[in-house]
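Enquirer: Everything in the sequence shown is counted per our numbering, starting at 18 for the first residue and increasing by one. Before I ask anything, let me first share the structure, which is written out below as C-alpha cells.
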Amino acid sequence: MNRLPQVKQNKIFTKGDFLIMAVALIVIIAIFIFSIRPMVTGSTVEIYESGELVHTINLSKNESYFYEVASGNNTITVKDGVAYIEDSTCSDQLCVKIGAIKDSGKQIICLPNRLRVVITGEGEIDAIS
Ligand SMILES: [Zn+2]
C-alpha cells in the first residue's frame with residue numbers, strides 16, 4: 018500500500034493554503050489601516066493621463082484645466098478647496114456624476130478618456146477647529 022497520498026492529504030498547510038492565507042491577511046491589514054486612517058484634506062490635485070502626470074493644480078487655487086484627448090475632452094475644475102470634473106464628453110459620465118473630492122488619496126477616474134484626477138498631500142484637517 019502506498020501511503021504517500023495519505024500523508025500529503027494530512028499535511029495541515031499546503032503551499033496553496035498558505036498563499037490564500039497570506040493574501041487574506043494582507044487584505045485584512047489593508048482594510049484595518051484604511052479604516053483607522055483619518056480623512057485628511059489634500060493640498061494638491063494631480064491629473065494623470067494613462068498613468069502619466071500631465072498637470073498639477075494647488076487645491077487652494079481656483080483654476081480650470083481643459084484636458085483634450087482623441088476620444089474627447091474633460092474640464093477639471095478646482096474651486097473653494099475641492100476638485101471635480103465639470104464637463105466631459107465621455108459616454109458614461111461617471112467622472113462628472115461622482116462629484117467633488119477634497120480628501121487626500123481620493124480620486125476621480127474617467128475610463129473612456131484614460132484620465133485620473135488624484136488628491137495628494139496634506140492640507141488642513143477640517144475635523145479639528
Ligand atoms: Zn468620464
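By construction, the Cβ of each residue, glycine as well, lies at the ideal position given by its N, Cα and C atoms.
1) From E103 to T92, what distance separates their C-alpha atoms?
2) Kindly examine ligand 1 and report whether one of its heavy atoms sits closer than 7 Å to the Cβ of D104.
3) So who's on the other strand from K78, going by DSSP bridges?
4) Count the other C-beta atoms from every protein chain shown that fall within 10 angstroms of the C-beta of T31, then say buried if there are 16 or more, exposed otherwise.
5) Report yes if the C-beta distance between K96 and T58 is below 8 Å; otherwise report no.
6) Within 8 Å, do at least three Cβ pairs link the region 64-84 to the region 130-138?
7) With a threshold of 6 Å on Cβ separation, who are the neighbours of C112 within its own chain once the five nearest residues in sequence on each side are excluded?
8) Quick check on L128: does DSSP put it in helix, strand or coil?
9) Is Q124 near ligand 1, in the sense that its beta carbon is under 7 Å from a heavy atom of that ligand?
10) Who are the Cβ neighbours of A39 in its own chain at under 8 Å, not counting the five residues just before and after it?
11) With DSSP run on the structure shown, which of helix, strand or coil describes D104?
12) For the alpha helix (DSSP H) containing I29, list its first residue and its last residue.
Expert: Here's the rundown:
1) Computed Cα separation, rounded: 5 Å.
2) No, the beta carbon of D104 sits no closer than 7 Å to any heavy atom of ligand 1.
3) Beta bridge pairing from DSSP links K78 with no other residue.
4) Counting other Cβ atoms within 10 Å of its Cβ, T31 stays below 16 and is therefore classed as exposed.
5) In this structure, T58 does not lie closer than 8 Å to K96 by Cβ.
6) The region 130-138, when compared against the region 64-84, does touch it at the 8 Å Cβ threshold.
7) The answer, listed in chain order, is I102, S105, I125, C127.
8) Correct three-state label for L128: coil.
9) No.
10) Short of 8 Å from the beta carbon of A39, and not among the five residues preceding or following it, lies no beta carbon of its own chain.
11) Here D104 sits in strand by DSSP.
12) That residue, I29, is in no alpha helix (DSSP H); it is neither H nor E in DSSP.
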